[in-house]
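Chemist: One structure is given below, represented as structure tokens, and several questions about it will come after.
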Amino acid sequence: MTEAPVRPRGEPAIRTIAMPADANPAGDIFGGWLMAQMDLAAGNVAARRARCRCATVSVDSITFLHPVYIGDEVSLYAEITRVGRTSMTIQVEAWRRSRDGEEQVRVTDATFVFVALDQGGRPRVVPPLASGDKA
0 MTEAPVRPRG EPAIRTIAMP ADANPAGDIF GGWLMAQMDL AAGNVAARRA
50 RCRCATVSVD SITFLHPVYI GDEVSLYAEI TRVGRTSMTI QVEAWRRSRD
100 GEEQVRVTDA TFVFVALDQG GRPRVVPPLA SGDKA
């Protein structure tokens with residue numbers, strides 16, 4: 000495992016607060032909730048890039064490094080690392096900040112693959128970037 004970056008890069012795709020309904024009786028946030036937030040962030044980035052509906056195809060190697068607690072601010076950073084003909088690979092990092100502090104801690108990361116879909120739900124070509132657009 001590589002050493003965690005000191006700070007996240009870029010701006011978060013989404014930011015949310017971990018709530019009591021997202022936690023087990025000990026106050027730790029469920030890994031499934033965190034993974035769902037990561038999927039939302041990746042899906043947001045995929046849809047903006049493809050300019051259409053996108054679906055998750057796979058998630059690779061999610062490892063939980065640190066717990067997330069009730070009340071923590073969770074920021075999800077998502078970056079497209081590869082664009083194929085109909086698919087996109089997106090690296091997602093989740094960072095937590097306790098409500099009474101400023102330190103951000105990377106809690107997990109994973110690689111998501113999304114496919115662009117047409118109105119019939121079939122794979123469609125990811126359009127090329129317009130000049131000035133970001134990947």
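What the sequence shown shows, in numbering that gives the first Met the number 0, is residues 0 to 134, in sequence order. Each residue gets a CB set at the ideal place from its N, CA and C atoms; glycine is no exception. Since the structure is predicted, the reported quantities are computational estimates derived from the model, not experimental observations.
Short check: CB of residue 109 to CB of residue 59, under 9 Å?
Modeler: Within the sequence shown, the letter at position 110 stands for residue 109. Within the sequence shown, the letter at position 60 stands for residue 59. Annotated as proximal: residue 109 and residue 59, with beta-carbon spacing under 9 Å.
Chemist: Quick one: is residue 107 buried, meaning 16 or more other Cβ sit within 10 Å of its Cβ, or exposed?
Modeler: Translated into positions along the sequence shown, residue 107 becomes position 108. Buried, by the Cβ-count rule.
Chemist: Using CA coordinates, which residue listed in 79, 100, 33 is at the minimum distance from residue 66?
Modeler: Mapped onto the sequence shown, residue 66 falls at position 67. Nearest of 79, 100, 33 to residue 66, Cα basis: 33.
Chemist: Just how far apart, CA to CA, sit residue 27 and residue 68?
Modeler: Locating residue 27 in the sequence shown gives position 28, where the first residue counts as 1. Locating residue 68 in the sequence shown gives position 69, where the first residue counts as 1. Residue 27 and residue 68: Cα-Cα distance of roughly 5 Å.
Chemist: Mapping DSSP to helix, strand and coil, what is residue 47?
Modeler: As a working mapping, residue 47 is identified with position 48 in the sequence shown. Secondary structure at residue 47: helix, using DSSP grouped into helix, strand and coil.
Chemist: Let me make sure I understand the geometry here. Which of 49, 35, 48, 79 has the alpha-carbon closest to that of residue 73?
Modeler: Here residue 73 corresponds to residue number 74 of the sequence shown, with the count starting at 1. Nearest to residue 73 by C-alpha distance, out of 49, 35, 48, 79, is 35.
Chemist: Please tell me whether residue 20 has its Cβ less than 9 Å away from any Cβ of chain C.
Modeler: Within the model displayed, chain C is absent; a lone protein chain is all it includes.
Chemist: If the criterion is Cβ atoms closer than 9 Å, does the pair residue 70 and residue 17 meet it?
Modeler: By 1-based counting over the sequence shown, the position of residue 70 is 71. By 1-based counting over the sequence shown, the position of residue 17 is 18. Yes.
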